[in-house]
Amino acid sequence: MLDPSVNNRPDRFTKGSLAGPRVAWTTAACVVAALLSISVLVHAQARDVERRIDALLAQMTLEEKLGQLQQLDGQADGRYRDEHLELARKGLLGSTLNVRGAAQVNGLQRAAVEGSRLKIPLIFGFDVIHGYRTVFPIPLGEAASWDPASAERSASIAAAEARAAGVHWTFAPMVDIARDARWGRIAEGAGEDPYLGAAFARARVRGFQGDDYSQPDRVVACAKHWVAYGAAEGGRDYNTVDISERTLRTVYFPPFHAAVDAGVGTLMSAFNDLDGVPASANPFTLTQVLRKEWRFDGMVVSDYTSITELINHGLAADDADAGRHALQAGVDMEMVSRSYATHGARLLREQRVSQGAVDEAVRRVLRVKLRAGLFDRPYSDEARERTTIMRPEFRAAARTIAARSMVLLKNDGVLPFAPSVRTIAVIGPLASAPRDMMGNWTGDGRETDVVTVLEGIKAAVPPATTVLHAQGVAIDVKSLMSGGQNAAGLARAGIRQAVQAARRADAVVLVIGETGDMSGEAASRSSLDLPGRQLELAQAIIGAGRPTAVVLVNGRPLTIPWLAEHAAAILEAWFPGTEAGHAVADVIFGKVNPGGKLPVTFPRAAGQEPLYYNHKNTGRPADEKNKYTSKYLDVPWTPLFPFGHGLGYSTFKLTNLRLGATRVSADATIDVSLDVTNTGTRQGDEVVQLYVQDVAASVTRPVQELKGFERVTLQPGETRHVAFKLGTQELGFYDRNMQWVVEPGEFRVRVSNSSLGGLTGSFEVR
Ligand code: BGC
720 MLDPSVNNRP
730 DRFTKGSLAG
740 PRVAWTTAAC
750 VVAALLSISV
760 LVHAQARDVE
770 RRIDALLAQM
780 TLEEKLGQLQ
790 QLDGQADGRY
800 RDEHLELARK
810 GLLGSTLNVR
820 GAAQVNGLQR
830 AAVEGSRLKI
840 PLIFGFDVIH
850 GYRTVFPIPL
860 GEAASWDPAS
870 AERSASIAAA
880 EARAAGVHWT
890 FAPMVDIARD
900 ARWGRIAEGA
910 GEDPYLGAAF
920 ARARVRGFQG
930 DDYSQPDRVV
940 ACAKHWVAYG
950 AAEGGRDYNT
960 VDISERTLRT
970 VYFPPFHAAV
980 DAGVGTLMSA
990 FNDLDGVPAS
1000 ANPFTLTQVL
1010 RKEWRFDGMV
1020 VSDYTSITEL
1030 INHGLAADDA
1040 DAGRHALQAG
1050 VDMEMVSRSY
1060 ATHGARLLRE
1070 QRVSQGAVDE
1080 AVRRVLRVKL
1090 RAGLFDRPYS
1100 DEARERTTIM
1110 RPEFRAAART
1120 IAARSMVLLK
1130 NDGVLPFAPS
1140 VRTIAVIGPL
1150 ASAPRDMMGN
1160 WTGDGRETDV
1170 VTVLEGIKAA
1180 VPPATTVLHA
1190 QGVAIDVKSL
1200 MSGGQNAAGL
1210 ARAGIRQAVQ
1220 AARRADAVVL
1230 VIGETGDMSG
1240 EAASRSSLDL
1250 PGRQLELAQA
1260 IIGAGRPTAV
1270 VLVNGRPLTI
1280 PWLAEHAAAI
1290 LEAWFPGTEA
1300 GHAVADVIFG
1310 KVNPGGKLPV
1320 TFPRAAGQEP
1330 LYYNHKNTGR
1340 PADEKNKYTS
1350 KYLDVPWTPL
1360 FPFGHGLGYS
1370 TFKLTNLRLG
1380 ATRVSADATI
1390 DVSLDVTNTG
1400 TRQGDEVVQL
1410 YVQDVAASVT
1420 RPVQELKGFE
1430 RVTLQPGETR
1440 HVAFKLGTQE
1450 LGFYDRNMQW
1460 VVEPGEFRVR
1470 VSNSSLGGLT
1480 GSFEVR
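For what it's worth, my numbering labels the leading residue of the sequence shown as 720, then goes sequentially.
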């Protein structure tokens, strides 16, 4: 059955055209004719691709076939290795990762295309996660924009730069749902929610691939990590995952399904164990769901050595056995480990893998290479590379998108600062930290391109303004193990200096958080507190009594209860990318009115994790007055900042919630609409959010689920009508037989500007 839980429709539905019926019919006829001819062309192209694959398969030796399934790693600086040249000439290499730059790519490609017997081009992959050279905010930050169009734009710029530098294939988007902020890779995805995650997955696939990923400014995308990698026990990276099929289908699959529906060319099989069958050897997820239910016909690449790691998992007895498990389950290309290439022939001889499985894997690899246009245009244009990288309009987009991604968590009115402030102090370990602004994945980003917060603020203020700077304390990933306590003496001196700077200033910007390498892969934390002595620094600076705005730079929710209580303003900037400093200054001085919202819940304490807004109610929902309810003795059960929260310099009012009906049938669609008014004095953005609850069902349902959102920009006093539709995709769930159903009963609806509060209504499904 096709999974209808994925909403393929746009996130907003507008009313139909007002044009007359004749115009409408003529237009409709033209559209149908155009669609028919496109469909004929697409089918002809697909047939041609399959014919070319058949012809190649007929000529390939077994060794050459296994060679196509092998991907090897280049050098960190983008160069290929001597061994790659040798293998490419023999036709025994399918792909590399990390080799990049048009000249490097062309050098190695020539060996494959001119040196090998069948002239099959290599496909060059690279982790272009949030930018190639122009670095955009981390994906979690972009998701905080609640503006999929921004993510599509940044992915399309990343694609243009990457393709110009010879990269055909990005290992992105990462679409893992992450409900536990201890997991460092929460930074790489769109956060905790499947609906928001699906919207961003679609947008990023579209941005990378466009309609046709053979185009010179597009790359093949790779949805990863298939699947449920983010559900690692204890938030510890690579750890075991054991969750139900219902949770998989309801929470973890939707962004992947959205990516597949958007035409993603490839997927990556994850590192984790999944209910006893590791994801890189799991026939249920790799074949049953992906190929049979979703009809995905692209290729699956393993994660880095995840095939050989099947031995450590305790699934495979040895490397050959690991290859057998992965290939038979549906992993087509092997990243870095070499079990297919080394043992494939023997496995076939011993009939432990089938010829059909090998041929099918090769077919999928060749299909992606053909669709990427590599047989027709294997080389990259070095001149084009020079003119494409870091165009001014790319930097401008990075600045706009970074500012759109920022979330104003708190503001008692201190922000925005007047740009004419006489003396401003920019304090903190991340105030002048170019490398950290790019986060963990930096693509080909250079720290020399980065505008730091200090530089951005200097550029934004008039020449007469004095800008003071003090680092205060240092933070360093290595000191996490000792809680940053090792530098106590140094810290006291640094804090003293910083306080002196703060006292001399009329306004203070305190830039604290995590270094770039404190989130991302293999960067799990047991504490979500500000690392090192930053809290002490913050307490001293805020204690100095000057108007202070805290700017947080980090890749995950942090536990900041003291700041939430005592700081006058907190701006969550994530890792903003190349244009970090300009974007922070734009928001701090009010050139941009912040409009981002949290795509993840901020807990009060790490012990609350996993903490997410769309949880179940339990039989004993938390109740302050009743001890025997689901809560903690030592911390409130509620979040510090809820999912969907975010302020701005304007205020908004939601009114006139209207439901199209009070009773509908199970297959009907119900309209939900409301008005949103800017009640402030500045132009600003609000994100209107629609949440739904199925009150009683044959399988327990979450207390609320996001089912629609729209970011609107309104002038002071302006009102906008916002409309959503709720149909079977939004109201259904997997029943006890794993069938998608909409059951009769009461549904509650809430429209709000966060996952708390707002206007409520209800209707009944008969
Ligand atoms: C990561 C992937 C990444 C791959 C290639 C792995 O360690 O899990 O996300 O795409 O390396 O760099």
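Don't be surprised by glycine CBs; every beta carbon is placed ideally from N, CA and C.
Residues bridged to residue i [DSSP beta-bridge criterion]
{"i": "Gln789", "result": "Glu1053"}
{"i": "Trp1281", "result": "For Trp1281, which the question treats as bridged, DSSP gives no partner whatsoever."}
{"i": "Asn1130", "result": "Ala1288"}
{"i": "Gly1464", "result": "Val1484"}
{"i": "Phe1321", "result": "Phe1360"}
{"i": "Gly844", "result": "Leu816, Trp888"}
{"i": "Thr1106", "result": "Note: Thr1106 sits in no beta bridge, so no partner."}
{"i": "Ile1231", "result": "Leu1271"}
{"i": "Trp1459", "result": "Tyr1453"}
{"i": "Lys1372", "result": "Thr1396"}
{"i": "Arg1021", "result": "The amino acid occupying residue 1021 in the given sequence is Ser; Arg does not appear at that position. DSSP output for Ser1021 lists Ser988 as bridge partner(s)."}
{"i": "Ala1226", "result": "Ile1143"}
{"i": "His1440", "result": "Asp1394"}
{"i": "Val996", "result": "Its beta-bridge partners do not exist; DSSP assigns none."}
{"i": "Ala1189", "result": "Ile1146"}
{"i": "Leu1366", "result": "Leu1127"}
{"i": "Thr1479", "result": "Arg1469"}
{"i": "Ile1389", "result": "Leu1445"}
Three-state secondary structure assigned by DSSP to residue i
{"i": "Met987", "result": "strand"}
{"i": "Gly1403", "result": "strand"}
{"i": "Lys1344", "result": "coil"}
{"i": "Val1470", "result": "strand"}
{"i": "Gln1412", "result": "strand"}
{"i": "Gly1175", "result": "helix"}
{"i": "Phe890", "result": "coil"}
{"i": "His944", "result": "strand"}
{"i": "Glu1429", "result": "strand"}
{"i": "Met1125", "result": "coil"}
{"i": "Met779", "result": "coil"}
{"i": "Ile1120", "result": "helix"}
{"i": "Glu1424", "result": "strand"}
{"i": "Leu737", "result": "With a pLDDT of only 38 at Leu737, under the threshold of 50, the placement of this residue in the model should not be trusted; the figure read from the coordinates follows. It is coil, neither helix nor strand."}
{"i": "Asp1168", "result": "helix"}
{"i": "Leu721", "result": "Residue confidence for Leu721 is low, a pLDDT of 39 falling below 50, so the modelled location carries little weight; the figure read from the coordinates is stated next. Note: Leu721 maps to coil in three-state DSSP."}
{"i": "Ile757", "result": "helix"}
{"i": "Thr1381", "result": "coil"}
{"i": "Leu689", "result": "Shown here, the chain extends from 720 to 1485; a query on residue 689 therefore has no answer."}
{"i": "Val1418", "result": "coil"}
Inter-residue CB distance, residue i and residue j (contact presumed, cutoff 8 Å)
{"i": "Gly1338", "j": "Tyr1368", "result": "The Cβ separation is near 43 Å, so there is no contact."}
{"i": "Gly949", "j": "Arg901", "result": "The Cβ separation is near 11 Å, so there is no contact."}
{"i": "Leu1271", "j": "Leu1290", "result": "7 Å"}
{"i": "Gly1477", "j": "Val1470", "result": "5 Å"}
{"i": "Ala977", "j": "Arg921", "result": "5 Å"}
{"i": "Tyr1347", "j": "Gln1423", "result": "So it is not a contact: roughly 24 Å between Cβ atoms."}
{"i": "Gln1412", "j": "Arg1467", "result": "4 Å"}
{"i": "Trp1293", "j": "Gly860", "result": "3 Å"}
{"i": "Pro1148", "j": "Ala1217", "result": "The Cβ separation is near 10 Å, so there is no contact."}
{"i": "Gly926", "j": "Glu1012", "result": "Actually they are not in contact, since the Cβ atoms of Gly926 and Glu1012 sit about 26 Å apart, beyond 8 Å."}
{"i": "Gly1379", "j": "Met1157", "result": "That pair is no contact at about 46 Å."}
{"i": "His1188", "j": "Val1145", "result": "5 Å"}
Heavy atom of the ligand BGC within 7 Å of residue i beta-carbon
{"i": "Met1157", "result": "no"}
{"i": "His887", "result": "no"}
{"i": "Glu1240", "result": "yes"}
{"i": "Phe890", "result": "yes"}
{"i": "Lys943", "result": "yes"}
{"i": "Asp1248", "result": "no"}
{"i": "Leu986", "result": "no"}
{"i": "Asp1022", "result": "yes"}
{"i": "Asp846", "result": "yes"}
{"i": "Leu1127", "result": "no"}
{"i": "Leu816", "result": "yes"}
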